[in-house]
Every structure is written in C-alpha cells, then in structure tokens.
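Each residue of the sequence shown is one higher than the last, beginning at 1 in the UniProt record's numbering.
Structure record follows, encoded as structure tokens.
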Amino acid sequence: MLQDETCWFLAADFDKKAWAKDAGALLQTCRGRGIAAALERSRSGNGGHVWIFFSEPIPARIARQMGAALITETMEKRPEIGFSSYDRFFPNQDTMPLGGFGNLIALPLQRKAREVGNSVFVDGDLQPYDDQWAYLSSLPRLSADAAFGIANEAELSGRVLGVRRHVREGSQAGQYEIECL
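In structure tokens, the structure reads:
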C-alpha cells in the first residue's frame with residue numbers, strides 16, 4: 001500500500017491442502033469477468049497467491065472490495081472453498097495506520113525460492129512459465145474504472161463477504177459501506 005492508501009495490485013493468499021484448487025477457482029471467476037489474474041506458487045510451495053495488477057494506483061479499499069466480490073462469487077460457485085484455504089488479501093487493510101508501514105507480502109521471483117521451483121508464476125497445471133518476465137509483461141492491467149465498477153456492483157447488491165458499517169460522518173443517514181474481512 002502506498003502512502004496515499006492506494007495500491008498497484010491485489011493479491012489473494014491461499015494456503016493449506018486445497019490451495020491450488022481454490023486459487024484456480026478464483027482464477028476462473030476472474031477469467032469469466034475478463035480480468036487477467038496470475039497464479040504464483042508461494043515461497044514455501046505450500047500455497048499460492050492470485051495477483052491482479054492495476055493500470056494505475058487505486059484506493060486499497062476499492063481493491064479489497066473488488067477482491068471480496070470476486071471471492072464471494074467464487075465461493076458461490078465452489079462452496080467448499082471456505083476460509084480454511086483462503087487466507088487474506090494484500091493489501092490487508094483499507095487504510096494506512098498512523099505512523100505504520102501497512103502490510104507485507106513476499107514479492108515473487110525470489111532467487112533462492114525460484115531455485116527449488118517456488119516463488120514463480122505458474123500455469124493451470126502448476127508448471128512455471130519458461131519466461132517469467134515475458135509472462136508478467138503480457139498480462140493486461142485492470143483499469144480503475146473496472147475495479148470501481150465491480151466493487152460498486154457488489155456493494156449495491158449486498159453480495160459480498162464483509163462487515164457492514166455506517167458510512168463516515170456527513171453522509172446520508174442509513175448509508176452503509178462494506179469493510180472487507
């Protein structure tokens with residue numbers, strides 16, 4: 001997360017036994033919506049991250065709401081995904097804590113992990129792409145308008161996992177926004 005509470009990407013973290021199937025289900029949801037997403041096997045090799053890259057920095061809150069909508073849609077299609085495999089989003093908060101650093105995800109393509117086949121982007125069969133940089137540079141970036149559209153659609157429909165809370169002071173009475181889990 002940047003100092004202005006925006007981000008260039010959203011990453012969904014999956015762990016445990018079913019991580020590959022569950023991450024694959026999220027990738028299918030993304031493809032169905034025309035969103036280019038990439039699967040990275042984690043440093044340990046015991047999990048993975050689904051990455052969505054943006055064409056410009058967008059508010060972390062919007063990225064997380066969009067992600068929650070995509071996870072919700074995925075869970076509707078694959079109810080067994082549950083919260084045992086899906087761990088969290090990065091960024092994992094909507095705002096930067098005062099004086100804080102935000103949050104941390106290990107970036108992909110780390111040398112030592114790559115040497116044993118981890119920390120790499122993989123295809124649907126979990127095989128690493130031959131040229132990691134060519135693969136990454138080929139991915140279309142999601143526009144801010146598209147991310148806002150998905151987040152707004154989910155919020156208006158009430159079809160998103162999260163916690164409802166009143167909108168900040170000065171807003172119309174009865175308005176709610178979703179705080180992603």
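The C-beta atom is built at its ideal place from N, Cα and C for all residues, glycine as well.
Check this for me: beta carbons of residue i and residue j, under 9 Å apart or not?
i   : j    : result
G67 : F89  : yes
K77 : A25  : yes
D94 : E153 : no
E40 : F121 : yes
R43 : A113 : yes
S55 : R141 : yes
N46 : D15  : yes
Give me whichever residues DSSP pairs with residue i in a beta bridge.
i    : result
E40  : H49 and F121
Y129 : BP columns for Y129 are empty, so no partner.
P57  : Bridge partners of P57: none, in fact.
T29  : DSSP lists no partner for T29.
A12  : V50 and F89
T6   : P59
L142 : F54
Suppose the cutoff is 7 Å on Cβ atoms and the five residues either side in sequence are ignored; what does the same chain contact list for residue i look like?
i   : result
Q3  : M96
A20 : G48 and L126
L57 : For clarity, residue 57 is Pro in the given sequence; the question names Leu instead. Result list for P57: L2, T6, C7 and W8, in chain order.
A18 : S85
P79 : none
Between residue i and residue j, how many whole angstroms is the CB-CB distance? I'm expecting something under 8 Å.
i    : j    : result
G117 : P108 : Contact flag wrong, Cβ pair sits at about 13 Å.
A60  : W51  : Rounded, the Cβ-Cβ distance is 15 Å, inconsistent with contact.
A151 : Q65  : 4 Å
Using beta carbons (cut-off 9 Å, strictly below), is residue i in contact with chain D?
i   : result
F89 : This model lacks chain D altogether, as it is built from one protein chain only.
Report the rounded CA-to-CA distance for residue i versus residue j, giving the unit in angstroms.
i           : j    : result
A63         : D13  : 14 Å
G34         : Q28  : 10 Å
R31         : Q132 : 20 Å
Y86         : S138 : 26 Å
Q110        : L104 : 15 Å
S157        : L70  : 13 Å
A146        : E155 : 14 Å
L136        : S143 : 16 Å
S119        : A106 : 9 Å
G99         : G124 : 41 Å
residue 185 : E115 : Given a span of 1 to 181 for the chain in the structure shown, any question on residue 185 remains unanswerable.
When every heavy atom of the ligand FMN is checked, does at least one fall within less than 8 Å of the C-beta of residue i?
i    : result
I150 : Ligands in the displayed structure: none, and consequently the ligand FMN is not present.
Considering only residues of the same chain and omitting the five flanking positions on each side of residue i, which have a CB-CB separation below 8 Å?
i   : result
P91 : M1, C7, L10, A60, A63, R64, G102 and N103
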